[in-house]
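In the numbering used here, the protein residues as written are 617 to 881.
Note that beta-carbon positions come from the ideal geometry of N, C-alpha and C, so glycine has one too.
Since the model is a prediction, treat every value here as computed from it, not as a measurement.
Printed below as a string of C-alpha cells:
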C-alpha cells in the first residue's frame, strides 16, 4: 500500500497503460467471440426485435393486453459497399465493451482506489458490483423495453400506405445499439449522483427542488421514444424516475456522512 502511494508519475502512467492493455485485450477476445457468432446474434438478438413474437411484444400482449402487433412491416437493406461489414465490426466491439464492462471498470477502479483515503474507501465498498449491476439492469431495460417499443413504433408508423419502411441496416442497428448502450449508462445515475454529492457539486436540496422539472423532462423523452399511448410512457418513465429518487437518497446519505465527520472532527 505504501509503495502505491510512493509511485512516481511515470510509474502511475505505466500502471494505467497496463490496465488499459488488459481491458483492451478482454474487449478484443470478446469481440472475436461475438464476430464468430455474428449471424446467430444478428438474427436472434437484434433482428428478432422486429418480429411480432419477440418476448416483449408477446409478454405485454398476453398479460397486459397491449402492444399486440400482427406484423411490423420493416424491410432491411444495406446501401453501401461496407455497410454490413462495418456494423458487424461495430456490433462486435460494442458487445465486447458491454460484456466485459465489469472487468473494464474493475481495472479503472483499481487504478483510482489507492489514491482514496481510508474512510472514502469504506464509503465506496462494493462499488464494482453495484456499478456493474446497475449497468446491466440498464442494458436489459434498454433491450427489452425501450428498443422494442422504438422499433414497434417507428416500424409501424406510416404517413401514408404508399410509403414503405425500408430501413438501412445502419439506421436500424445504430438505433438499437445506441438505445441499449445509453440505457445502461443512464442507469448509473445514482452512482453519478453519489460522486457529485461527494464533491459537493450537487445537493439533495437541489435535486428535490428540481424534481418536478425532471418529471416533465422524463415524460417528454418517454413520449418521443415510445408509442403514443400512456401505458408505454409510464413503463419507460417509472424506472427512470425511480433512479432519480434513489439519487436523492444517495446524496442525502453522503450529506449525513459529511456532517457526521465534521462533528466528530
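Going by C-alpha positions, residue 839 is about 33 Å away from residue 814. In the DSSP assignment, residue 655 falls outside any beta strand (DSSP E) and lies within the alpha helix (DSSP H) extending over 654-657. In the DSSP annotation of this structure, residue 662 is not part of any beta strand (DSSP E), being labelled neither H nor E.
DSSP, reduced to helix, strand and coil, places residue 803 outside both helices and strands of the structure shown, so it counts as coil. Secondary structure within the stretch 753-829: the alpha helix (DSSP H) runs of 4 or more consecutive residues, fully enclosed, are 763-772, 785-802, 805-814 and 820-825 (chain order).
Beta-carbon to beta-carbon, residue 803 and residue 710 are separated by about 17 Å, too far to satisfy the 8 Å threshold.
Residue pairing of residue 690 in beta bridges, as defined by DSSP: 781.
Here residue 641 is exposed, its C-beta having fewer than 16 other C-beta atoms within 10 Å. Around residue 748, the same chain offers 717, 718 and 721 as residues with beta carbons nearer than 8 Å, after the five sequence neighbours per side are excluded. When the beta-carbon positions are compared, residue 866 and residue 810 come within less than 8 Å of each other. DSSP places residue 707 in the helix class (H, G or I) of the three-state scheme.
The residues 723, in chain order, have a CB closer than 7 Å to that of residue 638 in the same chain once the five nearest residues on each side in sequence are set aside.
Contact check for residue 752 against residue 855 fails: the beta carbons are separated by 8 Å or more.
Residue state for residue 741 is assigned as coil, using DSSP reduced to three classes.
Looking at 660, 690, 828 and 790, the one whose alpha-carbon comes closest to that of residue 703 is 790.
The continuous alpha helix (DSSP H) containing residue 718 extends over residues 717-728. In this structure, the beta-carbon distance from residue 712 to residue 650 falls below 8 Å.
Taking a contact as a CB-CB distance under 8 Å, the pair residue 772 and residue 688 counts as one, their CB atoms being some 6 Å apart.
Distance check between residue 783 and each of 666, 647, 627 and 643 places 666 closest, using alpha-carbon atoms only. Pairing residue 761 with residue 674, the inter-Cα distance amounts to about 12 Å.
For residue 769 and residue 755, the gap between their C-alpha atoms comes out near 20 Å. The alpha-carbon of residue 656 is positioned some 15 Å away from that of residue 670.
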